[in-house]
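Protein chains in written order, with our numbering: chain A, 1 to 310; chain B, 1 to 93. Note that CB positions come from ideal geometry on N, CA and C, so glycine has one too.
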């Protein structure tokens with residue numbers, strides 16, 4: 001096992017325990033900047049860890065980033081781990097990130113669906129949902145990206161517990177979702193919310209459950225355009241961007257629709273690359289390129305948020 | 001551990017709205033147990049779907065009967081997963 005985060009191998013996939021250990025090492029190595037918050041427990045009782053990057057202050061305006069809400073999208077948890085290290089190494093050397101962190105906090109949940117992630121390593125590599133049993137069905141789990149109280153249960157989600165897009169028995173029925181909901185509400189000062197998925201190379205903003213245009217659409221669109229331009233500057237990876245419903249399809253109960261309705265203007269969801277092929281089993285040698293290019297886009301959104309605090 | 005021997009991932013390329021609708025219909029073919037990795041969006045965007053071994057023939061027959069183009073993105077998913085696991089084990093060692 002690596003003894004510190006410098007010897008952590010970011011170019012391969014890691015088990016849940018290895019990521020948990022990484023988080024603890026990062027906190028131990030950077031006690032003044034990084035702390036670990038447990039915002040809740042998964043259905044199977046695993047901690048829902050969030051890394052808080054802060055240079056001081058109280059309840060500062062903040063940016064949320066989550067990866068791995070769909071457990072089989074391994075490149076997202078791997079990228080989240082890389083982001084965490086990037087934040088601590090770039091603070092003090094990258095002027096843009098330093099300015100952001102001197103004013104704002106960053107919260108990063110690397111393994112948003114730990115039960116699912118554990119299950120992908122030990123039982124079914126293709127698992128996407130949570131692991132809570134469904135009453136009256138032999139099928140397990142809920143799609144945590146259809147479980148939010150934003151058009152919950154509408155078109156673009158399934159009422160069939162055996163479906164990969166099952167919305168669950170009620171909004172926020174999944175502790176993995178409810179814990180974030182409670183955190184967002186109690187914090188009350190999140191200015192950006194970035195939820196990271198894979199794979200189809202898209203950067204999306206609300207809405208997914210309705211064709212109603214988000215009131216900030218023009219600004220969200222312009223920021224997305226800049227973000228994907230910067231992303232493409234590294235390896236030429238081409239992204240599409242736009243609202244969820246116009247760019248992919250109608251999807252109700254989605255994460256960023258809820259966060260946007262909570263007043264978090266800069267709500268975006270990423271679909272990371274499939275360049276390198278093989279979809280959910282993206283080769284490990286693609287992890288660092290994926291993380292690096294995504295970071296450029298994240299920086300655009302975070303920097304814009306910082307310069308346009310509301 | 002669940003295995004995926006003989007599962008293939010097909011990359012489907014509908015050429016017009018009519019074909020797109022036919023691919024969309026596949027989402028409701030529960031008996032095929034298809035797993036859409038990349039869902040149906042627009043004509044310009046391909047669809048990736050994992051097909052269990054038991055429905056491979058039926059799925060391909062359906063696509064071919066509708067003249068919908070597809071290619072095999074992953075020939076045998078389990079082979080890929082074994083390679084991924086071996087790579088993880090080897091890196092850990």
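Under 9 Å by beta carbon: chain A residues contacting residue i
i, result
"residue 29 (chain B)", "In chain order: nothing, as chain A lies at least about 13 Å away."
"residue 1 (chain B)", "122, 123, 124, 125"
Integer Cβ distance of residue i from residue j, believed to fall under 8 Å
i, j, result
"residue 68 (chain A)", "residue 56 (chain A)", "Contact doesn't hold; Cβ gap of about 29 Å is too wide."
"residue 130 (chain A)", "residue 113 (chain A)", "6 Å"
"residue 40 (chain B)", "residue 51 (chain B)", "About 15 Å; that fails the 8 Å criterion."
"residue 148 (chain A)", "residue 253 (chain A)", "5 Å"
"residue 203 (chain A)", "residue 241 (chain A)", "4 Å"
"residue 48 (chain A)", "residue 176 (chain A)", "6 Å"
"residue 156 (chain A)", "residue 250 (chain A)", "4 Å"
"residue 209 (chain A)", "residue 154 (chain A)", "5 Å"
"residue 12 (chain A)", "residue 21 (chain B)", "41 Å between Cβ atoms; not a contact."
"residue 272 (chain A)", "residue 75 (chain A)", "6 Å"
"residue 43 (chain B)", "residue 84 (chain B)", "The Cβ separation is near 32 Å, so there is no contact."
"residue 289 (chain A)", "residue 189 (chain A)", "With 8 Å as the limit, residue 289 (chain A) and residue 189 (chain A) do not qualify as a contact, their Cβ atoms being about 34 Å apart."
Counted within 10 angstroms of its Cβ, other Cβ atoms place residue i as buried (16 or more) or exposed
i, result
"residue 66 (chain B)", "exposed"
"residue 57 (chain B)", "exposed"
"residue 50 (chain A)", "buried"
"residue 93 (chain B)", "exposed"
"residue 172 (chain A)", "buried"
"residue 143 (chain A)", "buried"
"residue 17 (chain A)", "exposed"
"residue 29 (chain B)", "exposed"
"residue 14 (chain B)", "buried"
"residue 87 (chain A)", "buried"
"residue 166 (chain A)", "buried"
"residue 2 (chain A)", "exposed"
"residue 59 (chain B)", "buried"
"residue 279 (chain A)", "buried"
"residue 164 (chain A)", "buried"
"residue 222 (chain A)", "exposed"
"residue 307 (chain A)", "exposed"
"residue 235 (chain A)", "exposed"
"residue 95 (chain A)", "exposed"
"residue 110 (chain A)", "buried"
"residue 42 (chain A)", "buried"
"residue 309 (chain A)", "exposed"
"residue 38 (chain B)", "buried"
"residue 291 (chain A)", "buried"
For residue i: DSSP bridge partner residues
i, result
"residue 197 (chain A)", "A:271"
"residue 241 (chain A)", "A:203"
"residue 8 (chain B)", "B:51"
"residue 37 (chain A)", "A:50"
"residue 106 (chain A)", "A:53, A:63"
"residue 35 (chain B)", "B:50"
"residue 133 (chain A)", "A:140"
"residue 158 (chain A)", "A:166"
Contact set between residue i and chain B, taken where Cβ atoms lie within less than 9 Å
i, result
"residue 147 (chain A)", "Simply none; closest approach about 18 Å."
"residue 284 (chain A)", "84, 87, 88, 91"
"residue 13 (chain A)", "84, 87, 88, 91"
Nonlocal neighbours in the same chain, by C-beta distance under 7 Å from residue i, ignoring five residues either side
i, result
"residue 305 (chain A)", "63, 191, 192, 266"
"residue 44 (chain A)", "115, 131"
"residue 161 (chain A)", "134, 137, 139"
"residue 5 (chain A)", "22, 25, 26, 29, 85"
"residue 285 (chain A)", "11"
"residue 125 (chain A)", "72"
Chain-ordered chain A contacts of residue i [CB-CB under 7 Å]
i, result
"residue 74 (chain B)", "278"
"residue 9 (chain B)", "279"
"residue 80 (chain B)", "278, 281"
"residue 48 (chain B)", "279"
Under 7 Å from the C-beta of residue i: neighbouring residues of chain B
i, result
"residue 9 (chain A)", "91"
6 Å CB neighbourhood of residue i in its chain, flanking five on each side removed
i, result
"residue 300 (chain A)", "226, 227, 230"
"residue 194 (chain A)", "65, 268"
"residue 255 (chain A)", "145, 148, 195"
"residue 106 (chain A)", "53, 63"
"residue 5 (chain B)", "78"
"residue 152 (chain A)", "171, 253"
"residue 179 (chain A)", "39, 40, 48"
"residue 259 (chain A)", "193, 267"
Neighbouring residues, chain A, relative to residue i (Cβ below 8 Å)
i, result
"residue 38 (chain B)", "199, 200, 274, 279"
Proximal chain B residues relative to residue i, where beta-carbon distance stays under 8 Å
i, result
"residue 248 (chain A)", "39, 41"
"residue 238 (chain A)", "Residues of chain B passing the Cβ test: none, with the nearest at roughly 12 Å."
"residue 164 (chain A)", "35, 36"
Residues near residue i in its chain [Cβ-Cβ closer than 8 Å; skip 5 each side]
i, result
"residue 70 (chain B)", "10, 11, 12, 13, 60, 63"
"residue 55 (chain B)", "31, 32, 33, 34"
"residue 293 (chain A)", "231, 232, 234, 235, 237, 273"
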